[in-house]
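Here's the structure we're looking at; comments come further down.
Protein chains: 4
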Amino acid sequence: MITEKSLKEIFKINTYRWKTTITLIEKNHIRTRGYPLEELIGNISFSDIIFLLLMGELPPKDQSKMLDAILVSFCDHGLTPPSTQVARLTTSTGTPLNASIAAGLLAFGENHAGAIEKAMKLFQETINLCKSPEEIPILAEKLVEEHLKNGKKIPGYGHRYHHRDPRATRIIKVAEKLKCTGLHTQLAKEIEKTLHKTKKIHLNIDGANAAILSDLGFHWNTGTGIFMIGRLPGLIAHINEEKLEKPFRKTLKLEEIQYMENQKNRIKSS
Amino acid sequence: MITEKSLKEIFKINTYRWKTTITLIEKNHIRTRGYPLEELIGNISFSDIIFLLLMGELPPKDQSKMLDAILVSFCDHGLTPPSTQVARLTTSTGTPLNASIAAGLLAFGENHAGAIEKAMKLFQETINLCKSPEEIPILAEKLVEEHLKNGKKIPGYGHRYHHRDPRATRIIKVAEKLKCTGLHTQLAKEIEKTLHKTKKIHLNIDGANAAILSDLGFHWNTGTGIFMIGRLPGLIAHINEEKLEKPFRKTLKLEEIQYMENQKNRIKSS
Amino acid sequence: MITEKSLKEIFKINTYRWKTTITLIEKNHIRTRGYPLEELIGNISFSDIIFLLLMGELPPKDQSKMLDAILVSFCDHGLTPPSTQVARLTTSTGTPLNASIAAGLLAFGENHAGAIEKAMKLFQETINLCKSPEEIPILAEKLVEEHLKNGKKIPGYGHRYHHRDPRATRIIKVAEKLKCTGLHTQLAKEIEKTLHKTKKIHLNIDGANAAILSDLGFHWNTGTGIFMIGRLPGLIAHINEEKLEKPFRKTLKLEEIQYMENQKNRIKSS
Amino acid sequence: MITEKSLKEIFKINTYRWKTTITLIEKNHIRTRGYPLEELIGNISFSDIIFLLLMGELPPKDQSKMLDAILVSFCDHGLTPPSTQVARLTTSTGTPLNASIAAGLLAFGENHAGAIEKAMKLFQETINLCKSPEEIPILAEKLVEEHLKNGKKIPGYGHRYHHRDPRATRIIKVAEKLKCTGLHTQLAKEIEKTLHKTKKIHLNIDGANAAILSDLGFHWNTGTGIFMIGRLPGLIAHINEEKLEKPFRKTLKLEEIQYMENQKNRIKSS
Chain A
1 MITEKSLKEI
11 FKINTYRWKT
21 TITLIEKNHI
31 RTRGYPLEEL
41 IGNISFSDII
51 FLLLMGELPP
61 KDQSKMLDAI
71 LVSFCDHGLT
81 PPSTQVARLT
91 TSTGTPLNAS
101 IAAGLLAFGE
111 NHAGAIEKAM
121 KLFQETINLC
131 KSPEEIPILA
141 EKLVEEHLKN
151 GKKIPGYGHR
161 YHHRDPRATR
171 IIKVAEKLKC
181 TGLHTQLAKE
191 IEKTLHKTKK
201 IHLNIDGANA
211 AILSDLGFHW
221 NTGTGIFMIG
231 RLPGLIAHIN
241 EEKLEKPFRK
251 TLKLEEIQYM
261 ENQKNRIKSS
Chain B
1 MITEKSLKEI
11 FKINTYRWKT
21 TITLIEKNHI
31 RTRGYPLEEL
41 IGNISFSDII
51 FLLLMGELPP
61 KDQSKMLDAI
71 LVSFCDHGLT
81 PPSTQVARLT
91 TSTGTPLNAS
101 IAAGLLAFGE
111 NHAGAIEKAM
121 KLFQETINLC
131 KSPEEIPILA
141 EKLVEEHLKN
151 GKKIPGYGHR
161 YHHRDPRATR
171 IIKVAEKLKC
181 TGLHTQLAKE
191 IEKTLHKTKK
201 IHLNIDGANA
211 AILSDLGFHW
221 NTGTGIFMIG
231 RLPGLIAHIN
241 EEKLEKPFRK
251 TLKLEEIQYM
261 ENQKNRIKSS
Chain C
1 MITEKSLKEI
11 FKINTYRWKT
21 TITLIEKNHI
31 RTRGYPLEEL
41 IGNISFSDII
51 FLLLMGELPP
61 KDQSKMLDAI
71 LVSFCDHGLT
81 PPSTQVARLT
91 TSTGTPLNAS
101 IAAGLLAFGE
111 NHAGAIEKAM
121 KLFQETINLC
131 KSPEEIPILA
141 EKLVEEHLKN
151 GKKIPGYGHR
161 YHHRDPRATR
171 IIKVAEKLKC
181 TGLHTQLAKE
191 IEKTLHKTKK
201 IHLNIDGANA
211 AILSDLGFHW
221 NTGTGIFMIG
231 RLPGLIAHIN
241 EEKLEKPFRK
251 TLKLEEIQYM
261 ENQKNRIKSS
Chain D
1 MITEKSLKEI
11 FKINTYRWKT
21 TITLIEKNHI
31 RTRGYPLEEL
41 IGNISFSDII
51 FLLLMGELPP
61 KDQSKMLDAI
71 LVSFCDHGLT
81 PPSTQVARLT
91 TSTGTPLNAS
101 IAAGLLAFGE
111 NHAGAIEKAM
121 KLFQETINLC
131 KSPEEIPILA
141 EKLVEEHLKN
151 GKKIPGYGHR
161 YHHRDPRATR
171 IIKVAEKLKC
181 TGLHTQLAKE
191 IEKTLHKTKK
201 IHLNIDGANA
211 AILSDLGFHW
221 NTGTGIFMIG
231 RLPGLIAHIN
241 EEKLEKPFRK
251 TLKLEEIQYM
261 ENQKNRIKSS
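Protein chains in written order, with the UniProt record's numbering: chain A, 1 to 270; chain B, 1 to 270; chain C, 1 to 270; chain D, 1 to 270.
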């Protein structure tokens, strides 16, 4: 006999429209990455669940502490980043929190938050080709040479405001203490050595975190996500602070704007 | 017998998941608001279809020209608006066009682009209560009096940069020529008269357009949308222009930032 | 003599254009909320710095663990939330990570993520008026009565998918164990008792966290921010998962759309 | 003597912080691309000012009408595009208009709105290499051959829902009537001829508009912007329509989601 159940069976192909491996939702029951969520709440840290969500498994204790340190290192860089200025300017026009955050995150373009993934990719591709740890100094030298020859910057080195990024020095020490360093960090330090000789440039926080995250097993394409997770609380603090200011922040006075009449704005090929 | 058709009949309730009155899509056929789209293309102006989409019908010729004038009046206000600065800052970080536009639009908070809808609401609610045109001067006076008494600004009057907004004067003239004025515009002008006596403040472009749009029959809650349509081409021109600049615009130097150590950021109730 | 310094003195008023209490940036030195950032990295957890950024001070250990539990409880709710669907649909069109996240966050409108702040406000305003803990059951009853009389829902109670939200039960237990409950949690539980009698409705995770966050001292207007911080890693996991799917997710087939020809879309006053 | 003016002279280098060629703002005076804005209002159409803003000059009459037709052709494609669904889902959570629009625009990723710029680039690069119009059929054949050989789609041809896109046929006719076709349109039609023989695929609206816009002189990198300008009114109409629906649109039922427990979400290199 044709029952509702058998009909549903027939139409099953239409039933599963979306699939996920992240969280199962049933009535009165939530399971994330296989764990009942109520068993996770109160037993693991926020960094643990970030690791679980992005990597599919819970981290060993030292790796969890390492991720804590990395996220703390990304927390805020004052009023200098365009993303922070964009979030605050947007806030000053009277938008709700989520709109201000969204605007701030949109300003993480490749010139602003792009270095970490580029550095992770570079480190991971180089180490993938590396046959033994002894090779690393040679690979580092070759890599620097090629970049300099082609006038290209190595991502993760040098900083707009700092000569020596205090976060980078510190995070490497923490990683060593927590035994979270490996070939990628070794490579990052070798590159720094070579680069410092010729260009007086140091590893920055993006480069240091790129190396450590690679050693923790994170794929390069998760770098920007981790940076954004780390920066979000700072962005929110700035948005809250901006709300205490006078609305409609006037960033530019008329005399700070130069109008150039006779230039057309025909867009040149990029 | 159970056929595919009869089964579909049974499952029909699940079939219609979304409904729309805007555009019908069938294979090789598109109909917008009842019109085959290929009959509209080449026969109507962009302002006509904006009117059709937002109001459900094509406008008479003079109303279409009026909408053209309104959209032109909104086109750009140079580098002064936060939305434009946000769009350009975002662009300078290397984002794609749609992200820069989205960031810019997010900065149309109620302090920035909010006046037009507030003015439309005020005009429409006042006129809805008005029994005859003769009442308008009295209603205007009462309205100004109440606002001043409560220390509230009337939306659509006064401008951050202009004493007399050149766009407002002009758009009212255009509206009169095109016979697109009615009770709302009359009210807007009466308010200006009263307000100018006491506060030396004039009607601005938001107020003028709010009045004319109301006379064209637009509901007050379409005001911001029309403003955004008018402003989008200007935003895109700014984004294109920013792409010709050096990436990562540094808006603030370190010495332009004041760090105040001993103040906590506990958020006060708003 | 006029030196550069004296000139700068004169122009100082123009110099400090933005001010902040969050992070001091100097060359080679970063201080967040008064702490050198390098001293925080490796010594505090991610939840600690979230607390520091939003509250201005580091939390006691149990409060830090409590914030961990709250953030874990918000981590993901599978494919059911509009925000998650929006983030995945956006991803399927080929956008960069930050654009997909931004789109997802924009879908935290007041119908979706609004309950937590509304519940915090309600709890905090009620407790502010409360003269002694004995009053709480009476206040709870009055509050439920008023809401029911006016046909209004109490924010933080009931759930679209769960009869009894498993996260709520668990987080309250954790809060009790960590001694992080106080008058607000007491109120939340009294409301649940009364509401369950008449409507068979339970406290949900928004309500439970609203109460505990209030007892931790968070102002009601930080609720949505904390929710977003907690949810961001889950959103990113979904975006990563969507990238493994076929591009351009087709959510609707033509037969799932109903086109209604003769209805105009005139927007009614809301 | 040192006057304020002379001091300002000295500090001038800091004064011009931003520059623009788009709009001059002075007190009571606004000039866009050199024209006093009040002279443009009421005298030109919305398409005229779009042309002026993006190209730097006002268009001849037929080109203005052509741009009208192009913008009309982009106006809406019902509920089928991810961008429209994203805008409506976002709206259903209770967000303000600008947030819903921003979310919708963010879903114009390269798989969704990318074809027009890719087609413009392809057409413009091919025509730049073309020495005489006689070569066009040969260039078209070569181009199709190369794409097919490499298993690559030619952007601007074929459509998810239509076999023959009714807008494409129509817009080409309008362009011919308005004498707005040139080498790029010729090339687009030759490609269609060749492609139809082997693959039964036709020119779509993106391809047709890409060709005509190229003949009008638009640089390929303005294509997406023009598409977005054309689509914005449709997006707003959908947002307005969604506001009349029940809040919090439930797109998925629990039984439409398949949870796959044992699969890790490690992101593979893309």
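Built from N, CA and C at the ideal position, the CB exists for glycine as well.
Could you check the C-alpha separation between residue i and residue j for me, to the nearest Å?
{"i": "I191 of chain C", "j": "I229 of chain B", "result": "47 Å"}
{"i": "Q124 of chain A", "j": "Q186 of chain A", "result": "12 Å"}
{"i": "G104 of chain C", "j": "F227 of chain C", "result": "13 Å"}
{"i": "D165 of chain D", "j": "L244 of chain C", "result": "30 Å"}
{"i": "T126 of chain B", "j": "H112 of chain C", "result": "34 Å"}
{"i": "A210 of chain A", "j": "T32 of chain B", "result": "51 Å"}
{"i": "A69 of chain C", "j": "K246 of chain D", "result": "33 Å"}
{"i": "L178 of chain B", "j": "K61 of chain B", "result": "9 Å"}
{"i": "C130 of chain B", "j": "H184 of chain B", "result": "11 Å"}
{"i": "K253 of chain D", "j": "T80 of chain C", "result": "8 Å"}
{"i": "H219 of chain B", "j": "L53 of chain B", "result": "14 Å"}
{"i": "R249 of chain B", "j": "I212 of chain C", "result": "42 Å"}
{"i": "I205 of chain A", "j": "A119 of chain A", "result": "11 Å"}
{"i": "L143 of chain B", "j": "T95 of chain A", "result": "28 Å"}
{"i": "L122 of chain D", "j": "Q85 of chain D", "result": "30 Å"}
Please compile the residues from chain C whose C-beta is within a distance smaller than 9 Å of the C-beta of residue i.
{"i": "A102 of chain B", "result": "A99, A102, A103, L106"}
In chain A, which residues lie with their C-beta within 9 Å of the C-beta of residue i?
{"i": "L24 of chain C", "result": "G78"}
List, in chain order, every chain A residue whose beta-carbon is nearer than 8 Å to that of residue i.
{"i": "K19 of chain D", "result": "I257, Q258, Y259, M260"}
{"i": "T224 of chain B", "result": "Per Cβ cutoff of 8 Å: no residues; T224 of chain B is ~12 Å from chain A at best."}
If the cut is a Cβ gap below 7 Å, which residues of chain A does residue i touch?
{"i": "G34 of chain D", "result": "E261"}
{"i": "S214 of chain C", "result": "Here the premise fails: no neighbours, minimum Cβ distance about 17 Å."}
Are the beta-carbon atoms of residue i and residue j separated by less than 9 Å?
{"i": "K65 of chain B", "j": "G207 of chain D", "result": "no"}
{"i": "L71 of chain A", "j": "P59 of chain A", "result": "no"}
{"i": "N98 of chain A", "j": "G109 of chain C", "result": "yes"}
{"i": "Y35 of chain D", "j": "Q258 of chain A", "result": "no"}
{"i": "T83 of chain A", "j": "A107 of chain A", "result": "Reading the sequence as shown, one finds Ser at residue 83 of chain A and not Thr. For S83 of chain A and A107 of chain A, yes; Cβs fall inside 9 Å."}
{"i": "E38 of chain D", "j": "T169 of chain B", "result": "yes"}
{"i": "H147 of chain D", "j": "K153 of chain D", "result": "yes"}
{"i": "I172 of chain C", "j": "L203 of chain C", "result": "yes"}
{"i": "E261 of chain B", "j": "L24 of chain C", "result": "yes"}
Report the neighbours of residue i on chain B: residues whose CB is nearer than 8 Å to its CB, in chain order.
{"i": "A69 of chain D", "result": "I41, G42"}
Residue i versus chain D: which residues are under 7 Å apart at the beta carbon?
{"i": "V86 of chain C", "result": "V86, L89, T90, A103"}
Counting only Cβ pairs nearer than 7 Å, list the residues of chain C close to residue i.
{"i": "E110 of chain D", "result": "G94"}
{"i": "K199 of chain A", "result": "Within chain C, no residue comes near K199 of chain A; the closest Cβ sits about 17 Å away, beyond 7 Å."}
{"i": "K27 of chain A", "result": "Y161, H162, H163"}
Can you pull the chain D residues whose beta carbon is under 9 Å from the beta carbon of residue i, in chain order?
{"i": "H196 of chain B", "result": "The premise fails here: H196 of chain B is roughly 15 Å from chain D at the closest Cβ pair, so nothing lies under 9 Å."}
Looking at the C-beta of residue i, does it have a partner C-beta in chain G at a distance below 9 Å?
{"i": "P60 of chain D", "result": "Of the protein chains in the structure, A, B, C and D, none is chain G."}
(message) Please list, in chain order, the residues of the region 231-259 of chain B that have any C-beta partner in chain C closer than 8 Å.
(response) Result list: L252, L254, E255, E256, I257, Q258, Y259.
(message) Does the structure place the region 194-208 of chain D close enough to the region 15-30 of chain D that three or more beta carbon pairs sit under 8 Å?
(response) A contact between stretches requires three or more CB pairs, one per stretch, nearer than 8 Å, and the region 15-30 of chain D fails this requirement with the region 194-208 of chain D.
(message) I'd like to know if the region 65-80 of chain D and the region 37-57 of chain B are in contact, where contact means that at least 3 CB-CB pairs between them fall below 8 Å.
(response) The region 65-80 of chain D makes contact with the region 37-57 of chain B, as at least three CB pairs between them are under 8 Å.
(request) May I ask you to list, following chain order, the residues of the region 149-174 of chain B that have a beta carbon less than 9 Å from some beta carbon of chain A? (result) Residues of the region 149-174 of chain B with a Cβ closer than 9 Å to any Cβ of chain A, in chain order: R160, Y161.
(message) With three or more C-beta pairs closer than 8 Å as the rule, is the region 87-100 of chain A touching the region 228-242 of chain A?
(response) Flag = yes, the region 228-242 of chain A and the region 87-100 of chain A touch.
(message) To be precise: take each residue of the region 112-138 of chain A, compare its Cβ to all Cβ atoms of chain B, and keep it if any distance is under 9 Å. Which residues remain?
(response) Residues of the region 112-138 of chain A with a C-beta atom less than 9 Å from some C-beta of chain B are H112, A113, G114, listed in chain order.
(request) Evaluate the contact criterion for the region 115-123 of chain D versus the region 153-163 of chain D: three or more CB pairs, one atom per stretch, below 8 Å. (result) Short answer: they touch.
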